[in-house]
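The structure appears below as structure tokens.
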Amino acid sequence: MTAPRLPIDAHDTVARRPRIATPLNLLLVLASVFIAVVWLITLQRVAFEREQTLAAEMEANSSLAIAFEQQVFRALKAAEQVAAFVREQYRRQGDAIDLRRWIEEGVIREEMFTIVSVVDEQGDIVSSSQNTGPVNYADREFFKAQRDARIDHLFINQPVLGRVSGRWLIPMSLRIEHEDGSFAGVVVMAVSPEDVTHFFKQVDLGPQGLLELAGLDGVVRARKVGARSEFGLGAESLAWFQRQKLHSADDFYDSGEAGDGVARIVSYRTMADYPLMVTVATAYDEEMATTLQRRYSYLMAAVGVTLVVMLLVGLLALMLVRQRSATEALQGSEALFRATFHQAAMGIVHISPEGRILRVNEKFARMLGCPAEALQGGNIFDLCDPGVASAARRFLNQQLVSEVRELSPEIEKTYRREDGSLLWVCEALSVVRNSQGHPEFLVLVAQDVTERKHLEARLCHDAEHDALTGLANRVRFHQRLDQALASVHVQGELCAVLYIDLDGFKAINDRYGHAVGDSLLQMAARRLEGCVRSTDTVARFGGDEFGIVLAKLHSSQDCERVALKVLDVLAKPFDLDGCVVRISASVGAALFPLHGENGQDLLKYADQAMYAAKHAGKNRFHCFGG
């Protein structure tokens, strides 16, 4: 396989063109032939430089279009993830879901979304991250689309004027269903069109440069032309919208007759998982200004040669100078490409089919904490975390043999930074092929998603744990109880639930304040954790009430021993920053299968037993039915 040749190396070919030499003694005889040759060379040079400059600009715009597509794709996936999380919690909690509290406590931290709401099947808001008042969305397109079609993916609405915010926003919705599959409402969130084209601020596309996100329904979701933002416009008549019906991705020259009259060099891509397309375009006159100026110079030089044939030696010298200028101009085009390449907000790497790194941009080098010069020439698989290197090699080989000439499906993988830390990236590959269809090189686009991975872990933890004590919350308690019941039911063993209420906590909280009360609850939580095994679960239900799941007991005496241990550790003094206080506890218990067959019944009976212990004088243990 021959080494891949990148477009920006075209100036090397120009530098190797043979010089034209004409003997001076044949000048008069061959004057007419010479003039014809001069004009032929001039016209070829004009066409050649135009094609090379156009190719370099298309290459730059194509890389930016890939990067912009990935940014939009990740934003939509993040929205879908948040919507799915909210939908699941709404299914568990129902109307009690409190999105405003989640935003305040940082459970949902996606700053891009202006508002997140849960809407029931009538279109009324059940819960929202903002104070909405009585608002109904039954007439909105995103609501009707989810209601009338059983789809389980994100619906991206056309820009609408928000009824809560009073601003133009792009709503995105996810369907909610009842257990029988019927429509139960939607999770809806909104993003500002300006935030969609925030990518424009990271690159310089010029005063007439265009960045656009449009739906395949023919409506522009967000567009930026220079510093001007637009949205909600029709896109049916635009050249790139018409071309995407035949080709999912392309680079071409657009005269601008069907748009705003500005001729542009356009790169567009149709997104695979969403009915959207992204477009990056730069103004033809702005990018080709230097080339057009040289064209005029070449033509004037040819006229001069025709008029001053006798100055053949001077003409040859002039052509050599022009040749040198052309080489420098192409080198300038390479510098422009490199600048644009390194301005991209994504990590971009050009690699050979064997995995050798041909070129990396500055963003990718910063992501790995290693100079770009040190990465170039190395193998991309040597940078991967050892556990994913083999999978990454298979993924690259799959793209090389695939006949689909679109952006590959994204994969999430890990690299090792220079300092040894783990870097999570969301990565896609695009194969660049020659005219015969053979792979020349691959474009790897990588986005650092390490923070999102941390966010996912935090979301999972916060949704199932008490914020004050770090113990499991009621949701997590029921999950672990159901798991324990399923296990002991198969093995024929016992399982117990302890319900614990702190005696005297309210008096301490009222006397010393909430800060002391919170410290007391945290210390009590740690003592309760010390009373159980690693297979058991301690949870806080709220206030001064706690619960314990005791899995796999051999006898009811095992449950009683743990309960007495709880009474003993909680009765010991608590030293709260020099303030020594005492409390006690009332503990109730219910056992499976002696007192109940399911988690709800066991928790209810343990609660009743706890109240029996409290009424009997507190600081004691009572087992249901005893």
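Start counting the sequence shown at 1; every next residue gets the next number (UniProt numbering). Ideal placement from N, C-alpha and C gives every residue a C-beta, glycine not left out.
Assuming residue i and residue j form a contact by the criterion Cβ under 8 Å, report the distance between their Cβ atoms to the nearest whole angstrom.
i: H595; j: G617; result: Actually they are not in contact, since the Cβ atoms of H595 and G617 sit about 23 Å apart, beyond 8 Å.
i: V118; j: I103; result: Contact flag wrong, Cβ pair sits at about 13 Å.
i: G347; j: A446; result: 4 Å
i: P193; j: S229; result: 7 Å
i: V196; j: L213; result: 5 Å
i: L570; j: A524; result: 6 Å
Within its chain, find whatever has a CB closer than 7 Å to the CB of residue i; leave out the 5 residues flanking it on each side and keep chain order.
i: A21; result: Interpretation of A21 is limited by its pLDDT of 45, a score under 50 that renders its predicted location unreliable; the figure taken from the coordinates is listed afterwards. Counting only Cβ-Cβ distances below 7 Å, and skipping sequence neighbours, we find nothing.
i: Q244; result: Y268, T270 and M277
i: G234; result: G218 and V219
i: A563; result: L498, V587, A589 and F621
i: residue 627; result: Missing from the structure shown is residue 627; the chain here goes from 1 to 626 and no further.
i: R236; result: Residue 236 is actually Glu in this sequence, not Arg. Taken in chain order, the residues that qualify are G218.
i: A606; result: V497, L498, Y499, G588, A589, A590 and F624
i: L576; result: V516, S519 and L520
i: F364; result: G347, I348, V349 and A446
i: R264; result: L210, D254, G256, A281, T282, A283 and Y284
i: P439; result: P353, L400, V431 and R433
i: A392; result: F381, C384 and K413
With a threshold of 6 Å on Cβ separation, who are the neighbours of residue i within its own chain once the five nearest residues in sequence on each side are excluded?
i: N157; result: E141, F142 and P171
i: D251; result: M58, S62 and S267
i: A239; result: D254 and A258
i: G355; result: N379, I380 and F381
i: K614; result: S586
i: D544; result: L502 and F505
i: M610; result: Y499, D501, S586 and G588
i: A190; result: T114, I115, L169 and P171
i: R5; result: Only weak support is given to the placement of R5: the predicted model assigns it a pLDDT of 47, under 50, and the value that follows is read from those uncertain coordinates. Around R5: no qualifying Cβ.
i: D466; result: N473 and R540
Judging by CA-CA distance, which residue of the options is the nearest neighbour of residue i?
i: A389; options: E179, I411 and E230; result: I411
i: A227; options: G215, E236 and L210; result: L210
i: R101; options: L26, M346, V72 and S128; result: S128
i: G578; options: S519, L64 and V532; result: S519
i: H153; options: D180, A79 and D482; result: A79
i: M367; options: K506, D419, I508 and G387; result: D419
i: R74; options: R474, R452 and Q557; result: R452
i: L567; options: M523, A609, L502 and H514; result: L502
i: W168; options: Q122, I115 and P207; result: I115
i: A372; options: P353, V349, V581 and C384; result: V349
i: R92; options: V305, L591, V490 and V475; result: V475
i: C426; options: L43, E69 and V29; result: E69
i: V262; options: A249, T282, L246 and A272; result: T282
i: E121; options: Q130, D95 and L99; result: D95
i: S556; options: Q398, I265 and P593; result: P593
i: G437; options: L396, S402 and K413; result: S402
i: Q376; options: I357, G387 and D385; result: I357
i: E362; options: G206, E179 and A374; result: A374
i: N397; options: V360, F441, S421 and R359; result: F441
i: L299; options: F155, Q44 and L205; result: Q44
i: Q293; options: N473, V46 and R393; result: V46
i: A31; options: I66, L383, T306 and I41; result: T306
For the alpha helix (DSSP H) holding residue i, just list the boundary residues, first then last.
i: V37; result: A31 to Q93
i: Q144; result: This sequence places Lys at residue 144; Gln is not what is there. It spans E141 to D148 - the alpha helix (DSSP H) in which K144 sits, taken as one unbroken run.
i: M523; result: H514 to E529
i: D501; result: No alpha helix (DSSP H) contains D501, which is instead part of the beta strand (DSSP E) from L494 to D503.
i: A563; result: S556 to A571
i: P193; result: P193 to V196
i: F477; result: R474 to Q491
i: Q399; result: A389 to V401
Since residue i is in the beta strand (DSSP E), which residue starts that stretch and which ends it?
i: H622; result: R620 to C623
i: K413; result: I411 to R416
i: F305; result: The amino acid occupying residue 305 in the given sequence is Val; Phe does not appear at that position. Unbroken run through V305 is the alpha helix (DSSP H), A289 to L307; no beta strand (DSSP E).
i: Y137; result: That residue, Y137, is in no beta strand (DSSP E); it is neither H nor E in DSSP.
i: F252; result: A249 to D254
i: M367; result: Taken as a continuous stretch (DSSP letters only), M367 belongs to no beta strand (DSSP E), being part of the alpha helix (DSSP H) at E362 to L368.
i: A263; result: Neither: A263 is in no beta strand (DSSP E) and is coded neither H nor E.
Please work out which residues of its chain come closer than 8 Å, Cβ to Cβ, to residue i, disregarding the five sequence neighbours upstream and downstream, and give them in chain order.
i: E529; result: L471 and V538
i: T291; result: E49, R50, T53 and A329
i: L423; result: M367, L368, T414, Y415, R416, R417, D448 and T450
i: D139; result: G123
Verify the contact flag: residue i, CB atom, against every heavy atom of the ligand FAD, threshold strictly below 8 Å.
i: R359; result: The model depicted lacks the ligand FAD and carries no ligand whatsoever.
Contact between the region 171-179 and the region 67-85 is defined here as three or more beta-carbon pairs at a separation below 8 Å; is this criterion met? yes
Quick one: any contact between the region 547-561 and the region 489-497, if contact means 3 or more CB pairs under 8 Å? yes
Three Cβ pairs or more, each shorter than 8 Å: is that satisfied between the region 504-514 and the region 472-485? no
How do the region 277-288 and the region 46-56 stand: do at least 3 beta-carbon pairs fall below 8 Å, yes or no? yes
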